[in-house]
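2 protein chains.
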Amino acid sequence: MSTPAGAPRVCRGIDEFRAALADRLGAAPERAPQEQTSRQQVSQGQASPGPASLGLVPTMGALHEGHGHLVRLARQENTVVAVSVFVNPLQFGPGEDFERYPRTLESDVELLARFGADLVFAPSVAEMYPGGEPLVRVTSGRLGSVLDGASRPGHFDGALTVVNKLLNITAPPVPAAFRAYFGEKDAQQLLLVRRMVADFALPVDVRPVPIVRDDDGLALSSRNRYLDAAQRRSALVLPRTLRALAAGELDLGAARRRIDAEDGVRLDHLVVVDPRTLVPVEPAPGALALVAAHVGSTRLIDNLVL
Amino acid sequence: MSTPAGAPRVCRGIDEFRAALADRLGAAPERAPQEQTSRQQVSQGQASPGPASLGLVPTMGALHEGHGHLVRLARQENTVVAVSVFVNPLQFGPGEDFERYPRTLESDVELLARFGADLVFAPSVAEMYPGGEPLVRVTSGRLGSVLDGASRPGHFDGALTVVNKLLNITAPPVPAAFRAYFGEKDAQQLLLVRRMVADFALPVDVRPVPIVRDDDGLALSSRNRYLDAAQRRSALVLPRTLRALAAGELDLGAARRRIDAEDGVRLDHLVVVDPRTLVPVEPAPGALALVAAHVGSTRLIDNLVL
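In structure tokens, the structure reads:
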């Protein structure tokens, strides 16, 4: 078993990855995870100190410190940590940035060595979809057709289709706890993954990880690298407006106007919703404020619990 | 472990069923399946004499000898055999026979004792869909929208949604081969399940089982019990016409006219298709003839490889 400090093994093929998983899980020493799980986690049933456990972090690569938090939590909670790196064509619409989405596997693997991953699953599109685009897919229903789903038709169906497949590929072939890690920045995706896991009876615990922000408050995103310096400054209107909304300094209408008034920023939506149903509610503690906006040609999202 | 001749254990809850599966698989003696698998099966990689293996037969109950063939094959090939009995509301359309579909669990369990099942999973609708109808579902795409899917909109989406969930629930929690058994009478369903298993990377071998016919040639179906004596005689036009088509005695037009001319029978479709794509082809050896018709108010299907 590679140590957290060593380079992770990169697998390109599904069969190779599954064999490596079985090998690592079988070879995992009978010990608690690298760091003890907290009493709170155990009492919530979110972690068990079994002899082997597997954490999966699904990513599209172009890794940053936000992914680092996901992988480090997986490292704390599991004996084996796998990270998938796959830019999934199904979740990009026509005219979106599938072609130019950054592909930086070499530096991703270097980062993953630091973050503590054991295995990297980096399949080609042909490996994941050998017959072309899949005929049978996951559909996300009403929860996937509002907000980001309204702006990006088919996006969540594509995202759930690949997450379901990645979970099936990665599910431990030997008795072991199985956890998958998703960032809270993609709040609607996280909600839909939770629903899918429940609706499909997938044998995995979904573990949410809080948003990581740069010092200036901008939520980390692989797409931030599209921004030039002026756009980067303009983008700060998103977290600042969310904070003002949470502090009660602005109502929703004023908050929307503030974002739209920012140079080079075009608001897609700013809403306050019930975090379980995505139904709009009056701003109140526990409600979730969600924002999406184009900064130049780059679409950014952010959110904050009020 | 119950012997094939004993009464199977009936589980109503998902957790209870999964615990029973783990128990039976762990307790399964290290032996080859009850009957040796044939050399042909082994050479096709369809059966392995591992220490434990699990066969699942998904059904809607109202069992008959056609199901018997499925369960007996599962019994031959696996150390543990589970049968699910669940009338899945998602795959019935408005005005279809969900309410009156026969529910005969007591006699089903008696039959399953004879067929050799170890476990029966018979959940309620509330157990399978605790939050009401699932938000996230499986969608069957083009292959699910033609033929029976055109006549029954949403039927295959509903069927795949429950099959996916049943497979996830039943997937062995310990290392074991996993096989699921489907009848060839539901040819389009079988094709779609195969596609789903490939597209979703589900860890299961799909095993097809040939159609079982009564002495008069009618394909066994739970819905045959809806037929009165005269309808039953009329229904024989379906297998007879398929055989005449296969023998080259009728062309497709004449075959359709023959079915439509039968008293009380209303043809839905009679087509000859490529069995992998369901695209219509000229009748030729290896092509698949598919028929669907209403006999009275009962919708029946049948098929035959030419």
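One line per chain: the protein sequences are A and B, in this order.
Under my numbering, read the first sequence as residues 1 to 306, first letter to last.
Under my numbering, read the second sequence as residues 1001 to 1306, first letter to last.
Every residue gets a Cβ at the ideal spot worked out from N, C-alpha and C, and that includes glycine.
- Flagged as an interface residue toward chain B: Gly-144(A), by a C-beta distance shorter than 9 Å.
- Shown here, Pro-89(A) sits in a helix according to DSSP, grouped into three states.
- Shown in chain order are the members of the stretch 1186-1213 of chain B whose Cβ falls below 8 Å from a Cβ of chain A: Leu-1192, Arg-1195, Met-1196, Ala-1198, Asp-1199, Phe-1200, Ala-1201, Leu-1202 and Pro-1203.
- For Ser-53(A), the closest C-alpha among the options Asp-228(A), Phe-178(A), Asp-263(A) and Gly-6(A) is that of Phe-178(A).
- The beta carbon of Ile-211(A) sits closer than 6 Å to the beta carbons of Glu-184, Lys-185 and Ala-219 from its chain, once the five residues preceding and following it are set aside; these are given in chain order.
- In chain order, Pro-280 and Leu-290 place their CB closer than 6 Å to the CB of Val-271(A), counting only its own chain and leaving out the 5 sequence neighbours on each side.
- Within the same chain, Cβ atoms closer than 8 Å to the Cβ of Phe-182(A) are found at Pro-58, Leu-70, Gln-189, Leu-190, Val-193, Val-206, Arg-207, Pro-208 and Val-209, the five residues on either side in sequence being excluded.
- The DSSP assignment places complete beta strand (DSSP E) segments of no fewer than 3 residues inside the stretch 64-124 of chain A at 80-85 and 119-121, in order along the chain.
- Taking 9 Å as the CB threshold, Arg-1233(B) stays off the interface with chain A.
- With fewer than 16 other Cβ atoms inside 10 Å of its own Cβ, Glu-1065(B) counts as exposed.
- According to DSSP, Gly-1055(B) shares a beta bridge with Val-1081(B) and Arg-1179(B).
- Here DSSP, grouped into helix, strand and coil, assigns Val-279(A) to coil.
- For Ser-297(A), there are no neighbours in chain B by C-beta distance under 7 Å, as the nearest C-beta there is about 31 Å away.
- At a C-beta separation below 7 Å, Leu-135(A) has these neighbours in chain B: Gly-1141, Arg-1142, Leu-1143, Arg-1195 and Asp-1199.
- Residues of chain B whose Cβ lies closer than 7 Å to the Cβ of Pro-175(A) are, in chain order, Pro-1173 and Val-1174.
- When the alpha-carbon of Val-1010(B) is set against those of Leu-1119(B), Pro-1283(B), Phe-1092(B) and Arg-1075(B), the nearest one is in Leu-1119(B).
- Of Ala-1122(B), Glu-1016(B) and Gly-1055(B), the smallest CA-CA separation from Thr-1079(B) is found for Gly-1055(B).
- The beta carbon of Asp-1148(B) lies closer than 7 Å to those of His-1155, Gln-1188, Ala-1292 and Ile-1301 in the same chain, with the five residues before and after it left out.
- In chain order, Val-136 make up the part of chain A whose C-beta sits under 7 Å from the C-beta of Leu-1160(B).
- Not one beta carbon of chain A lies nearer than 9 Å to the beta carbon of Asn-1088(B).
- For Asn-168(A), the C-beta contacts it makes with chain B under 8 Å involve Phe-1200, Ala-1201, Leu-1202 and Pro-1203, in order along the chain.
- Nearest to Gly-13(A) by alpha-carbon distance, out of Arg-72(A), Leu-242(A), Pro-130(A) and Leu-73(A), is Pro-130(A).
- Counting C-beta pairs closer than 8 Å gives fewer than three between the stretch 94-102 of chain A and the stretch 131-138 of chain A, which falls short of the contact rule.
- C-alpha of Ala-1019(B) to C-alpha of Pro-1051(B): approximately 19 Å in a straight line.
- Short of 8 Å from the beta carbon of Gly-1217(B), and not among the five residues preceding or following it, lie these beta carbons of its own chain, in chain order: Leu-1236, Pro-1239, Arg-1240 and Arg-1243.
- From the beta-carbon of Asn-1164(B), the residues of chain A found nearer than 7 Å are Phe-200.
- In this structure, the CA atom of Glu-1106(B) is about 54 Å from the CA atom of Leu-306(A).
- Here the alpha carbon of Ile-1259(B) sits roughly 35 Å from the alpha carbon of Ala-1074(B).
- A Cβ-Cβ separation of about 17 Å leaves Pro-1123(B) out of contact with Ala-1022(B) under the 8 Å criterion.
- Contact annotation, Ala-113(A) with Ala-7(A): C-beta distance approximately 5 Å; criterion of less than 8 Å satisfied.
- Here Arg-1225(B) is exposed. Its C-beta has fewer than 16 other C-beta atoms within 10 Å.
- Beta bridge pairing from DSSP links Pro-130(A) with Gly-132(A).
- Out of Gly-1253(B), Pro-1275(B) and Ser-1297(B), the CA that lies nearest to the CA of Arg-1266(B) is found in Ser-1297(B).
- Gly-1248(B) counts as exposed, since fewer than 16 other C-beta atoms from the protein chains shown sit within 10 angstroms of its C-beta.
- Between Ile-1301(B) and chain A, the shortest Cβ-Cβ separation is not below 9 Å.
- Of Glu-1110(B), Met-1196(B), Ser-1140(B) and Glu-1127(B), the smallest CA-CA separation from Asp-1015(B) is found for Glu-1127(B).
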